[in-house]
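Numbered according to the working numbering, the sequence shown spans residues 24 to 286. Where is the CB? At the ideal position from N, CA and C, for every residue including glycine. No experiment lies behind these values; they were computed from the predicted model shown.
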Amino acid sequence: MRKTLSSLRKMYRSGEKIACLTAYDAGFAHWVAEAGVDVILVGDSLGMVVQGHATTLPVTLDEVVYHTQMVQRVNRTAWCIADLPFMEDVDLATTLKAAGRLMKEGGANMVKLEGGKRILDRVQAMAEIGIPVCCHLGLLPQSVEKHGYKVQGRDEETAVRILKEALELQSAGADMLVLECIPAALAEQITRELNIPVIGIGAGADTSGQVLVLHDILGITLGKPPSFSKNYLQESASIQEALSSYVQDVKSGAFPADCHLIA
């Protein structure tokens, strides 16, 4: 049976960790779902790990729709989130049209978009018309040309802003939040103060769940993998075993361990 927003909320309320992974095609999506992953993210990270770009910025809406279609043709169990690509949230009308395509054409169950205060009206409008919304704070890959790939929220001013924006996004109608590359203490505080699932990536062990890029946990990343990830294929006899081990470690709290935390 496929996960629903209701079942994810039930997991969150019971304290069960939510295991998430990216997938971009039918073959990997099948095995990711078979491994028991709760949430598949069709991320714009495909621009870097599949297409070979230096950033996520070149990824188009047509491409995310296409990759989501492939994933959803074979996915029978996981909730599926699709990323809204760069510049597809430039205004309210553009955002709603793009989110509608990800749902109607791509078959996504939820749409993820980056940012805080500037997207509050988009989140509210999407929620009002029935689109499940996942927001993304901390390190924002679509803003790397301005802010770079670095940990966010280390100084008090930025930490206060991130917490404030998380609460505002929840009030606007966000159903889930991804926190990327922020200090573990800040992620724990945000998770404690919100009443929606908070999924961490490089954000410590005290969030409601974890997400990683599929290619990173299989050791097939183009370039150096992030320090907060883990190559599960090194300790496994097969890809299927590696995927299952990741899910089990997230569920048990074994991942992330101290060696996977950002200093």
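Asked	Found
Contact set for I224: own chain, Cβ-Cβ below 8 Å, skip 5 residues either direction	V201, L202, E203, C204, Q233, V234, L235 and F251
Among K140, V73, Q92 and E191, nearest to R124 - alpha-carbon criterion	Q92
Residues near C158 in its chain [Cβ-Cβ closer than 6 Å; skip 5 each side]	L192, A197 and L200
Inside the region 122 to 156 only - alpha helix (DSSP H) runs reaching at least 4 residues	143 to 151
Span separating the alpha-carbon of Q263 from that of E57	8 Å
Local Cβ density within 10 Å of R145, reported as buried at 16 or more and exposed below that	buried
Within the region 157 to 224, ranges of the alpha helix (DSSP H) (whole runs, at least 4 residues)	167 to 170, 179 to 195 and 207 to 216
Beta-bridge partners of W102, as assigned by DSSP	V62
For L31, the first and last residue of its enclosing alpha helix (DSSP H)	L28 to S37
Same chain, Cβ closer than 7 Å to R96, neighbours up to 5 away in sequence not counted	A49
Given 8 Å, three or more beta-carbon pairs between the region 175 to 182 and the region 132 to 144	no
Cα-Cα separation between G70 and N218, rounded to whole angstroms	32 Å
For V156 and A150, the rounded distance between their alpha carbons	7 Å
Residue environment, K187, which counts as buried when at least 16 other CB atoms sit within 10 Å	exposed
Reduced DSSP secondary structure (H/G/I, E/B, other) of I243	coil
Where the alpha helix (DSSP H) through A56 begins and ends	A49 to E57
Minimum C-alpha distance to I41 - residue among H53, M24, G59 and A105	G59
Chain-order list of residues whose beta-carbon lies under 8 Å from that of L241 (same chain, five-residue window excluded)	N254, Y255, L256, I262 and A265
Other residues of its chain near L160: CB distance less than 7 Å, five sequence neighbours each side excluded	G139, I185, E188, A189, L200 and L202
Proximal residues to A208 (C-beta, below 8 Å), its chain only, five neighbours per side dropped	G227
Rounded separation between F51 and P220 - CA only	25 Å
Contact check, L107 vs A116, beta carbons under 9 Å	no
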